[in-house]
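J.:
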Amino acid sequence: MLLYFKPAACSLASRIVLLELGLPFEAVEVDTQAGRTKAGADYRRINPKGYVPALEIEPGIVITENPAVLQYLADRAPEARLAPAAGTLDRVRLQEWLNFISSELHKAFSPYFHGHALEASEKARVEATLLRRIDDVETGLADGRSFLLGETFSVADAYLFVVLNWTNFIGVDLARWPHISAFMTRMLARPAAREALAAEGLLQDEAA
């Protein structure tokens, strides 16, 4: 499989899941602004939408959109239990979280990465929306669960971890949300998460 990615982007979640499952893959870096892979190929011929992730599962067959890619990967190895079985209420809960992360939390970060400084009034509005969405995650973890679906790590946790990690780039301190902070610590202890971060140059030097 080929994983088309941009460093630090949401495609990092797919890399984490691929590593968790031990599935063989090749990571292909994409410049989404230029619409080219690092080797110079026209990325829009692979994914006309132009963004990441895209997962080429065999020549010419490409899956896009994080929730779809993550669930496809989980279903490739059901014994790993990274997604509940299809048709169960637990699977619906997974889809609830994947859709919330994609359509609400992820979107709330987008204004920070448009390539221009936010005006003061716009910044206040954007920050209020983002903090409200992070509050929603804190509430979802507030019953003492280790992960979004309980005590079992799922593909939704990989996606949540990647999106919340963007707070490091915009100066939002997650310490004000204790359940989220504990979740991020648990995620950073997972070898696949650390390997994925390191592969994209994002693993902070703990000795620094």
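When we follow my numbering, the leftmost residue of the sequence shown carries the number 58, and every step to the right adds one.
We put the beta carbon where it would ideally sit given N, CA and C, even for glycine.
(1) Helix, strand or coil: which one does DSSP assign to residue 91?
(2) List the whole-angstrom C-beta distance separating residue 259 from residue 65, where the pair is believed to meet the contact cut-off of C-beta under 8 Å.
(3) Taking C-beta to C-beta, are residue 110 and residue 71 nearer than 9 Å?
(4) Just the C-alpha distance for residue 214 and residue 206, rounded to the nearest angstrom, thanks.
(5) Measure the beta-carbon distance from residue 60 to residue 112 and round it to whole angstroms, keeping in mind my assumption that it falls under 8 Å.
(6) Which residues mark the beginning and the end of the alpha helix (DSSP H) in which residue 224 is found?
(7) Please look up how many angstroms separate the CB atoms of residue 155 and residue 80, rounded, as I've assumed it's under 8 Å.
(8) By the three-class DSSP mapping on this structure, what secondary structure does residue 134 have?
(9) Could you tell me whether the Cβ atoms of residue 169 and residue 234 are closer together than 9 Å?
(10) Should residue 261 go down as buried or exposed, given a rule of 16 or more other Cβ atoms within 10 Å for buried?
(11) Is it true that the CB of residue 219 sits closer than 9 Å to the CB of residue 69?
(12) Using 10 angstroms around the beta-carbon of residue 149, count the other beta-carbons present and answer buried if the total reaches 16, otherwise exposed.
(13) Taking the C-alpha atoms as reference points, what is the distance between residue 106 and residue 119?
(14) Starting from residue 157, follow the alpha helix (DSSP H) in both directions and report where the run begins and ends.
(15) Label residue 146 either buried or exposed according to how many other C-beta atoms from any shown protein chain fall within 10 Å of its C-beta, with 16 as the threshold for buried.
(16) Among the candidates 137, 74, 63, whose CA atom is the shortest distance from the CA of residue 248?
(17) CB-CB under 7 Å to residue 268, same chain, minus the five flanking residues each way: which ones, in chain order?
T.: Walking through what the data contain:
(1) Taking the first residue of the sequence shown as position 1, residue 91 is located at position 34. If DSSP states are grouped into helix, strand and coil, residue 91 belongs with coil.
(2) The sequence position of residue 259 within the sequence shown is 202, counting from 1. The sequence position of residue 65 within the sequence shown is 8, counting from 1. Right, the Cβ-Cβ distance comes to about 6 Å (below 8 Å), so this counts as a contact.
(3) Counted from its first residue, the sequence shown places residue 110 at position 53. Counted from its first residue, the sequence shown places residue 71 at position 14. Taking 9 Å as the Cβ cut-off, residue 110 and residue 71 qualify as a contacting pair.
(4) Here residue 214 is taken as the residue at index 157 of the sequence shown, counted from 1. Here residue 206 is taken as the residue at index 149 of the sequence shown, counted from 1. Spanning the two alpha carbons is a distance of roughly 9 Å.
(5) As a first step, residue 60 is located in the sequence shown; it is residue number 3 there, counting from the start. As a first step, residue 112 is located in the sequence shown; it is residue number 55 there, counting from the start. Sure, about 6 Å apart at Cβ, within 8 Å.
(6) Working through the sequence shown from its first residue, we reach residue 224 at position 167. That run of the alpha helix (DSSP H) goes 224-227.
(7) Here the question's residue 155 lines up with position 98 in the sequence shown. Here the question's residue 80 lines up with position 23 in the sequence shown. The pair is not a contact, with the Cβ atoms about 19 Å apart (cut-off 8 Å).
(8) Within the sequence shown, numbered from 1, the residue matching residue 134 stands at position 77. Three-state DSSP puts residue 134 in coil, outside helix and strand.
(9) The residue given as residue 169 occupies position 112 in the sequence shown. The residue given as residue 234 occupies position 177 in the sequence shown. No, Cβ-Cβ distance for residue 169 and residue 234 is not below 9 Å.
(10) Translated into positions along the sequence shown, residue 261 becomes position 204. Counting C-beta atoms within 10 angstroms of its own C-beta, residue 261 has fewer than 16 neighbours from the protein chains shown and is therefore classed as exposed.
(11) Residue numbering aside, residue 69 sits at position 12 when the sequence shown is read from its first letter. Residue numbering aside, residue 219 sits at position 162 when the sequence shown is read from its first letter. It is a contact, given that the beta carbons lie within the stated cut-off.
(12) On the sequence shown, residue 149 is found 92 positions in, with the first residue counted as 1. Classification of residue 149: exposed, given that the 10 Å Cβ count is below 16.
(13) Within the sequence shown, residue 106 is the residue found at index 49, counting from 1. Within the sequence shown, residue 119 is the residue found at index 62, counting from 1. Distance between the alpha carbons of residue 106 and residue 119 is about 12 Å.
(14) Position 100 of the sequence shown holds residue 157. Where residue 157 is concerned, the enclosing alpha helix (DSSP H) stretches over 146-157.
(15) Residue numbering aside, residue 146 sits at position 89 when the sequence shown is read from its first letter. The residue in question, residue 146, is exposed, as its Cβ has fewer than 16 Cβ neighbours within 10 Å.
(16) Counting from one through the sequence shown, the residue named residue 248 turns up at place 191. The shortest C-alpha separation from residue 248 is found at 74.
(17) For the chain, the structure presents residues 58 to 265; residue 268 sits outside this window and is missing.
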